[in-house]
Every structure is written in structure tokens, then in C-alpha cells.
């Protein structure tokens, strides 16, 4: 067990190191001069030289990489070239915003998805089932940015029901999260409702359930209590998958609704060559992913007794 | 590992992700924003709700020059002079001044002007401004250690500035403090635009105590003498200004300025979103997106339809939009006829009318019509396919044969792209093939500075109303990376006419020299001269006294809300 | 659902054919600007209206299909090539260092949000149809590789493979002639289901300004340009958007039908 953990740790460090190297190299491949970017075009040569010295850009590459690693180990991700804000808190703030949005979207999508899916089966009518499934397929085919545009246009501008941009932390901010949340949630909603409906249908056909029918138990009880529980397994998988999709797809929604999340930060920094932020986000994502998968690997034997036996 | 992940552990991952992220977020130190006071209740004054389209990160006047920061920074800081709605220089911190020869300038500083209250001062109370502060602020502008972007303002013209900038002397000889309220600037030679340069945000007066106390963070804790104080700065979200209770200025009737209690500025990424927020009543003023222009404003420049209830303010921008030929590229450098051919081939009238929907005026040359030096009789290039074809032949490329495909580099933007597409198509009509490349603006500047393609889209918006700034782009000594003569143009006749202009004291003589210089440049055609845009703002019906000039700056101190 | 599948196939087929010759169909070349004719609403003259430089929107919508299809096919072919190779090798040489390395790479790609990755690469490479194709292709192969790998692993243990090996067949021929044909169907399914995704991604990139350069038409680009005019000239954005949705929908329907048929066979 200890050996296993140790290997995992090494693996993790390996991944982090290679990611840091790649990002570092990237900053030299992309066509930009950070010193000039910081000061703007009208700056004169000596001011730029001054910045270069300060950022240690005049030292050879391996030295710069070493400095970079040293800072990283202290947890110092530097300051943004563009806004001069501390990268660490910037990422934390932005990620919190994206996270909120994603959680809202997935919650709405799950609740509505499961309800609608169950309803489709409950009504026992082919017409309802077919139309609901068709609608889901159509919804799943609308690219999220186009959907966001339409939603923003109709509900935001035409009907003026909800604000189309802005952000406020805390509970007061709930009116800002609704439109982007719905936009983001439609795709997972489509997937979840469809999957729930089809799985439920399968289960409803099983002997186990048919027996309960014979016993005279009401249909809605069967659907809700019996069948649903069995149907959940693949649905949970989809939900899990969706979380990953949301965290990255949230970008378009963030763009259209000016939601200050991490996807937007990423694109802004990539387009403006804001390397400290770019590096920060990459390292952050890599670290998160690695940590999560490491923990999952550890938990796996606990959750699934079969694997424990194998070990 | 991958397949295992895919099947059963994703729900676990999701849950764990939740936990871990909560942990990480909780542990990272939240960078707080400096909050001095938090009382913004709606009193008699009210709160003015504005927006910026780019993020404002620092209010250190020597460090930033973007439009958004300028506009807001000028509510916090002040300089010796300012520019009013009619584009004339008027006194501000300097009560009056005199100069016998445009070389030695004596400024008399207003008495009783206090800096904002701040912990940097003893007793937390702002102290009175003196001539020493002027010297300090100006020298800071020349100090490479302060990472300033404004050294060009004084570097070539003030006595001793260059030596100070190069680190050879400890102070600038040309900045003289005679007494607490008298400040003298000594120039190397006569230079009349000095006054207008002093109106720039870069020349704002800052207190030594603030810089010393806050150091790198000073940009987030600005201390000025202006009508508003910064109370909140979250760069990608919102900025809040509140009224300076001790502001020195009064209006013509003796009322204390400013009238407003405060200003709330939202960061909005897109023109359209800004406009929609305005329509929804969440903003008090907004720019007018060009896409909406013809639907909001009719031919007589009045608001129409459902917008007629709002107010409109327009001002021709002191700006010229152009495409620059990189003259280092061999096809262009000696071939004047070729460049002229390009200019003849473009139907600027049509572009302005149809693509820009009349929101600009065609540019025959460089100077916009709003400046005095504008020459209505300037010989430019009116649209003519025959003339273009003729010039092409003269250039040695009849019907465009033998010409390579030119790379036309532009930055992102619906309008920019539309104009570029129109130009591409018009050039094709005379046989010139181009390929459009879209890139980020910063990259475009880099590429232009390094001469990496043939034609770039650029524009120049003056920060003060003087033709001099426009012409610097053609001076021989100003090639990149030192200056912004991107075309790498050089013509000693032009340099001559220009220096005559800046050194002449008589205004009419000066204008003559400027016009001469402009004609030289237009003849040489280092640019495709395009248009001078017009700026417009739409206001809620209850806004009063919103001043707006061609520099796109406005003074919030005069605004009041009629609700 | 059979009807829908047929409709989907017909739609894609017609669109593909027509997209290579928009002039014949509409009478307008998609790049012809006409400055006096900007922003005109749909009419018999311009079926879908005209855009902000006077180009016929209908012609551009059809021509835009070409860019979307090209990029989708191109990207998927690249993904397929990389994905199959990596998947097969790492699956066959399971527990070998080859597999470790490949899994490692796949894991790192998997962890990083797909879209953000593509954005970064496109920003670095620059604009252009082939560059975008490559950018999407080199990020998207992971799904195919994963599926292929697990299939190969499960097949490697099958009897016929062990038999073949004992007969002295080389590893390569086993891989190529025996395992590959069995495994290819699942990857093809992923491939086809991915078309819709790639079209959406390309549209998204264009939406950000990172897509095909002007004057080439692409749906994402048109939606992006048109979004500023959405209250005043809605046809610029909405019509290409509808075609985009229909195309993605068609690909999804076709992909699902294929999945139903091919998995049933197994």
C-alpha cells in the first residue's frame, strides 16, 4: 500500500513537472515580448530594459526555469502582466464563479432532467415519450454559444425579464446566474432526461417490475421508488461527465453573459499573452486533475471490493 | 486507468472535486479591494452609472494611457491645465501663466487646493498642494525607475530632462521651484504645444507621501486633487468613485462642485451589451454601437423612433483611421505610384456611407476637420478606378500583373473586418490581390514594429487637440521601436516644415507650415488615408451637463441628475 | 426514427453537394460585396437577406457548409489516425512501458478542458482552415484512443489471438489483420458521433474570432459578425445558426443510428 502511494506521488510530481515545463516553453514559442506588453507601445527602450531586468528575462533559459520552479514551490504564481493582480487569488475568485455557475446549471439540469425523463415514462404514452426524446435530441444539437445568444436576446432584451450581464457574489447575485445557468444547463438536461427515460423504460419492461404491477402497486409509486433507483447508475455517470463538460464549455456562456469565470480568464490571457495567468491556470487545472485522480485511485479499492481482492 | 475512470468513478470524482475545490478556494487568500468609505446613499446628488469597455487596473498616472483609465483617472487627478468642451486650454491647478517666448513658462499655482484625505498624510488629512509637488510629479514622469510611459512628454523639450532620464543628474534643471506657488519650466527651444501636453492625464499631480507609502500598490490607492475619490477598484468588474467633500472648485454661481454623490462604473466587455444595459435602464450613458447607428440616428443627426426620448451627444473624434504601408518592404519603398494607386482605388465615400453608416468623415489627409490646421483645399485622392489603373501602370504593374499577394493585417472587430473586406474587394477590382490576416491588437503592433507584413490597419487618436501629435508619426527619427512612425517614412522636406511649425509663435504662420507638411505627406502616400470617425453617446433623459469632446473625455464634476 | 435518419442523410448530402457551387444555386458569389446593398432584409432578391457589406447571406450560408464540412472531416481524420495508432499500440502492449507512456499522455490530455486547449493552440498557430483542422484533430484523438485501447485489451485476451501467436504470426500482423478489423467499428462510431462536436467547436472558434479568415464564410463567423446586428438585421446570425443546428442534428442522428446498428451486430 505504501509503495503504491509512493508511486502515485512520484507520478503526480512527474505530471506537474512536465506540465510546468511545457507551459514555460510555450511562453517562449508564442510570439510576444512580455516586457513590451506590460508597458504598451509608447514606452521607450530603457523602460523596457528595466522591466526585463526586473522580470529576469535577460538571464538564460534554464536559469529562468529554475526561478520559475522556485516561485512555484512557494505557491507564488506571480502577478498578471496585464492587470498586475495576484494570480493565485485571481484564479481562486474566477474559479469560484465558474464553479457556482456550473453547479447551478448541473443542479437545474439534473432535477429537471430526471423529472422530465420520469414523467415521459410515467405517462405511458408513446407520443409523449417520442416527442420528449426528439426535443432532447434537438436541444443537444444546439451549440451553446448560439443558444446563449438567443436566450440573451429573447429573455434578456425582448422580454426584459432578467439581466443579461453582470455578477454579484453571494445570494444577492442570484438573478445574474439564471440566464447563463439555464443556457449552460440545457445540454446536460437533454442528455439526462433522455437517458433517464430510456433506462426507466428498460427497467419497466423487466420481470421484476412487472411483478410489482401484478401486485397492484400504483404506477407512480413503481416509477418513482422502484425503477428510478435502478436507473440512476448510468445517469450518475452522465452527470459526472457533464461536470467536466460544463467547466470548459462554460466559456461561451461566460463570454456572452460577461460572467467573470475561469474560462473567460483563460481566453483573455491566451489572447493577450498574459503568461503568469496562463501558467497559473494550467498548473491549477493539472494539479486539480492529478490530485482528484490520485484520490479516486486510492478510494477505488475501498468502494469496489472486487479490486481490493485483486490487490 | 482511463477506462476505469470513465465507468464508475466519475460520480466519485465529481463529489471529490467539489470537496477539494471548496478547500482550495477557502485557503487561497482573497485579495481585498481597498475600501476607504462605503457610504453611497442616494442623496441630492445621486449616483451616475457609467461603464468602461476595457479593464482599468491602476490609477498611477505615469503608467497607463488607455482610454478607460484616462477618462476615470481625470476625475481623480488634476494637472496644471485642462481642455474644455471647445478644445481650448483653460486653467486648472495653475491659476494663470505667462511666457514671453514660448521657451520660459512661469505658472502661478492656485492656493488652497488640497489633496484627498488619506492615511499617507499626517493626521489622515490631505495637505495643500505646492510647486514642489509639481516638480516631483513631473520628474517622476521622467524617471525610468517609476516604469513610466510618459517620458516622451518632456524628454526632448525640457532643459536637462534627457540628462535626468539617462541618470546623469539628480534633478531636472528645467523644472524650477521659485516659491511655494510659482513654478517655471525652461525649454530647450520654443515649443508652443507645451500647454496642451500639460493637460494630459500623464501630467497629473501626485503627492510624494502617497508614492512613498504605497509603492507598487499606489495605483490602487490614488491620491489626487480632483472632484472624486476612488473607493472601490475591482478591475474586471466594477469601479466606484465618491465625491470629494473638500474639493476646491465652485461653479459660476458659487455652488460647490461636484454635484454628484458618486459614480459607479461597470466593466462591460462588449458595445452591444453596454447598449442593451442602457436600454434596460441600468446605465445612464452609453456609446452607440455602429451596428445600431443607422437605426437610432436619422440623417439630421437626431434620435429617431423609440429612441427619441433619450439625449444624444456627438463629437467628431480627433482621430484618423488609416492603413499603413510598411515602407521597409521593397515593393513599396521606392514606388510612390504604387502607393498612390492604392489610394485612388479605394472608394472611401462608399465605405463611410454604407459600412460606417455615415458615422465618420472621409479623410483626404491626416488632420481631422475639427482642428484649426485642417486644410479644406488639401489635394487628396478621390476615388477613381482609371486613375488607380493609370498609377499601377506607371508603377510598372499594369493591371496588377507582377504584384505579389499582399498581407493585410487587421485586429479583431466586426467593423474593422467589414472595412477590410470592402478594401480587399475594391483593390481586387484594379487587379491587386490581398489576403486578410486577423490577429490580436498587441500582436499587430509587434508585427508592425518589426515590419513583418506589408499593410497594417492602424489608427491614431490624439490625446490632446494638436496637429503636432499626428505629424510625429512621420518624423525621421521616430521609427519603431522608439517611436510610432510605423511606415518608416522619411522625408527631410517634411521634417523641415514640421520643426518650423512647432517653433513658430505666430498661429497663422504655424498653420501654414502644418498644411505644407501635410501636403508633402499626402503626396508621398505612406498611408491609405481612410476616415475620421465620429464619437457619439446616448444619455438617459434625466442627465444634465454631460460634457463630451472629441478627445472622448468628459468631466463628471459638472454632471447632475434631474430625478 | 427511421424517417428522421433518412431526412438527415439527405440534408447532409444535398448540403455537401451544393456547398461547392453556391453560385449556381443562388446566383450570387459568397464573396461579392456590394456596399450600397448592405443589411437588406430577406426578399426575392436576397433570399436570406444581405450582410453588413452587402453579401448575399444565402450564398454564404451554403458556402459556409463547405468550411464546416472540410474542417470536420479533416479534424476527425487526423484524430482517427492518431487515436487508432496510439490506442492499438498501447492496448496491445498493455503493461509495457509503451502503454504507461501513452496512458500518461492520454490522461494529461483528458484532464485539460478540451475547448480551452483548442483555443490555446489555435491562438498559437494562427488562423487558417488547415491549421484549425490540425488544432482540433490533435486534441480530439483521446476519445478514439481510449475506446480503441480498451477494445484492443479485451481482444488481446481472446482465443484467436493466442492461437495466432502460437502459430508464429508476428505481432504486427496480428495487430493489423486480426485485431484491427474487430476494433475499428467502435472507433468509427466515436468518429462519426464526433462530427457534430467538431462543427460546433469550429463555429465556436470562429465566434471568438479565431476561425477562418475573411472573406471565407463559416457559420460560426457569420454568427459572430451578426451578433451585433441581431436586433436590427437578425438574418445575419439566426439563419446560419439554424443551418448549424440542423447540420449538427443530422450528424448526431446518423451517428446514433449507426451505433444502434453496429452494436446490435456485436
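Protein chains in written order, with the numbering used here: chain A, -12 to 298; chain B, 4 to 566; chain C, 9 to 274.
Quick reminder that beta carbons are idealized off the backbone N, C-alpha and C, glycines included.
Please check the pair residue i and residue j, which I expect to be a contact at CB under 8 Å, by giving their CB distance rounded to whole angstroms.
i	j	result
residue 44/C	residue 68/C	Rounded, the Cβ-Cβ distance is 18 Å, inconsistent with contact.
residue 184/A	residue 116/A	7 Å
residue 88/A	residue 171/A	6 Å
residue 538/B	residue 320/B	5 Å
residue 180/B	residue 135/B	6 Å
residue 580/B	residue 223/C	This structure cannot settle anything about residue 580/B, because the visible part of chain B is limited to 4 through 566.
residue 2/B	residue 535/B	Residue 2/B falls outside the range modelled here, since chain B spans only 4 to 566, and no answer is possible.
residue 343/B	residue 528/B	5 Å
Can you tell me whether residue i is helix, strand or coil according to DSSP?
i	result
residue 154/B	coil
residue 149/B	helix
residue 68/B	coil
residue 561/B	helix
residue 135/C	coil
residue 131/B	strand
residue 473/B	helix
residue 172/B	coil
residue 275/A	helix
residue 246/B	strand
residue 424/B	helix
residue 199/A	helix
residue 92/C	helix
residue 205/A	coil
residue 349/B	coil
residue 411/B	strand
Note down, in chain order, each residue of its chain lying with its Cβ closer than 8 Å to the Cβ of residue i, except the 5 sequence neighbours on either side.
i	result
residue 164/C	99, 100, 102 and 187
residue 267/C	197 and 201
Kindly indicate if chain B contains any beta-carbon less than 7 Å away from that of residue i.
i	result
residue 245/A	yes
residue 221/C	yes
residue 59/A	no
residue 64/A	no
residue 217/C	yes
residue 146/C	no
Could you tell me whether any Cβ in chain A is nearer than 7 Å to the Cβ of residue i?
i	result
residue 404/B	no
residue 543/B	no
residue 87/B	no
residue 235/C	yes
residue 324/B	no
residue 491/B	no
residue 85/C	no
Got a sec: is the Cβ-Cβ distance from residue i to anything in chain C below 7 Å?
i	result
residue -10/A	no
residue 349/B	no
residue 130/A	yes
residue 357/B	yes
residue 264/A	no
Can you find the residues in the same chain that come closer than 7 Å, C-beta to C-beta, to residue i, ignoring five residues on each side of it along the sequence?
i	result
residue 114/C	150, 153 and 154
residue 182/C	169, 172 and 173
residue 104/B	193
residue 38/B	Because residue 38/B sits at a pLDDT of 29, beneath the cut-off of 50, its placement in the model cannot be relied upon, and the point is left open.
Could you pull out every residue in the same chain whose Cβ sits closer than 6 Å to the Cβ of residue i, ignoring the five residues on either side in sequence?
i	result
residue 125/C	147
residue 63/B	221 and 222
residue 106/B	190 and 193
residue 487/B	476
**Study point:** 4 or more residues per run - each alpha helix (DSSP H) lying fully within the segment 40 to 67 of chain C
**Key:** none
Review point. At which residue ranges does the segment 156 to 210 of chain C contain complete alpha helix (DSSP H) runs of 4 or more residues, listed in the order of the chain?
Key: 167 to 174
Practice item. Report the residue ranges of all alpha helix (DSSP H) runs contained in full by the segment 505 to 529 of chain B; include only those spanning at least 4 residues, in chain order. Key: 510 to 527
Practice item. Any chance you could list the beta strand (DSSP E) runs of at least 3 consecutive residues sitting entirely within the segment 173 to 233 of chain B, in chain order? Key: 178 to 182 and 185 to 189
Practice item. Return the chain-ordered ranges of every beta strand (DSSP E) run that is complete within the segment 291 to 344 of chain B and spans a minimum of 3 residues. Key: 314 to 319 and 322 to 328
Practice item. Enumerate, from N- to C-terminal direction, the unbroken alpha helix (DSSP H) stretches of 4 or more residues contained entirely within the segment 438 to 500 of chain B. Key: 444 to 453 and 470 to 475
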